[in-house]
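**Q** Counted from 1, the sequence shown has number 299 at position 222 by the working numbering; the numbering is strictly sequential. Got a structure here, written out as structure tokens. Questions coming.
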Amino acid sequence: MQFRYVLLLVGAAFFAGGNAAMATMDSQLSAAKVRRIPAKRVLRALNEEPDDGEERGPSISVSISQSLRNWINKAAPKLLLNDDEILVLASKAEHTPIKVLKTLELDTGLDGILRNPNLKSFSRYLELRGEDPTKALVATLIKQYGDTEVAKYLFDVKHNSKIADESIKKHADILLGAQYAKWADDGVTPRTVGVNFDHRPETWGKNPYEKVWWEYLDVWAERESKKITKRNKTRK
């Protein structure tokens, strides 16, 4: 899935909703001006329901503030578990990473997951279990969403120039690096990565994910170089 396209769609939906709401507000303010309703009463009409029989102008079916609040709540998930609850989960073997991932509602899709505050809780849970939080997080995401899909998502975030938050992009870079390291540890060859990401002459210059192959090739080549150096030292 293309993260940047999701961002564009969400932004378009938000601004479209905002424009519609502003158009409704402008219409009401114009009507209020014609009827010579004081500005204070107009504002009350936009934000309050009449409770005293006073005429306050037509009401808006869905207020701008409520629409914005709903959008923010949807865009920014709430923290589901506190530190003590995370500690309890980490102390019991039956609470596996996949189960905790679902408990924290991190199993519903990759889009926006790096902005989700519950991801930090999940990393803390992994750390309390004595695991490397970065490696374990990557392994869990791969188990939940698939190896190729996770790599594509992290690659998209890392290279998306429209994402202003550099910390998010840096986090994606770190996780993708950990995924490359995992591939190397598991003996995944550049040829296999090329097949998984459709890296072939016919797609050169057209497939954005061919860069995944190049990035992994650097990691793999460095690993192989170290192996050769180590073997040569052993023979001496």
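Every residue gets a Cβ at the ideal spot worked out from N, C-alpha and C, and that includes glycine. Given the structure is predicted, the values throughout are model-derived calculations rather than measurements.
DSSP on Ile245, reduced to helix/strand/coil?
**A** Three-state result, Ile245: helix.
**Q** Which residue wins for smallest C-alpha separation from Leu205, given the options Ser168, Val296, Lys197?
**A** The option with the nearest alpha carbon to Leu205 is Ser168.
**Q** Does the structure place the segment 179-193 close enough to the segment 206-216 that three or more beta carbon pairs sit under 8 Å?
**A** The segment 206-216, when compared against the segment 179-193, does not touch it at the 8 Å Cβ threshold.
**Q** Quick one: residues in its chain with C-beta nearer than 7 Å to the C-beta of Val57, no 5 flanking neighbours on either side, listed in chain order?
**A** Examination of residue 57 is not possible in this model, given that the chain is present from 78 through 313 alone.
**Q** For Ala228, which residues in the same chain have their Cβ closer than 7 Å to its Cβ, ignoring the five residues on either side in sequence?
**A** These residues qualify, in order along the chain: Leu253, Gln256, Val289.
**Q** By the three-class DSSP mapping on this structure, what secondary structure does Asp209 have?
**A** Reduced to three states, the DSSP call for Asp209 is coil.
**Q** Identify which residue in Ala298, Leu187, Phe199, Trp260 has its Cα closest to the Cα of Glu162.
**A** When only C-alpha atoms are compared, the closest one is Phe199.
**Q** Assuming Tyr230 is part of the alpha helix (DSSP H), what are its boundary residues?
**A** Tyr230 -> alpha helix (DSSP H) spans 224-235.
**Q** If you check the beta carbons only, do Ala261 and Arg300 fall under 8 Å apart?
**A** Contact flag set, yes.
**Q** Let me know the secondary structure DSSP gives Glu299 once reduced to three states.
**A** Helix at Glu299.
**Q** To the nearest angstrom, how far is the alpha carbon of Lys310 from that of Trp297?
**A** Straight-line Cα distance between these residues: approximately 20 Å.
**Q** Would Pro194 be called buried (16 or more neighbouring beta carbons within 10 Å of its own) or exposed?
**A** That one is exposed.
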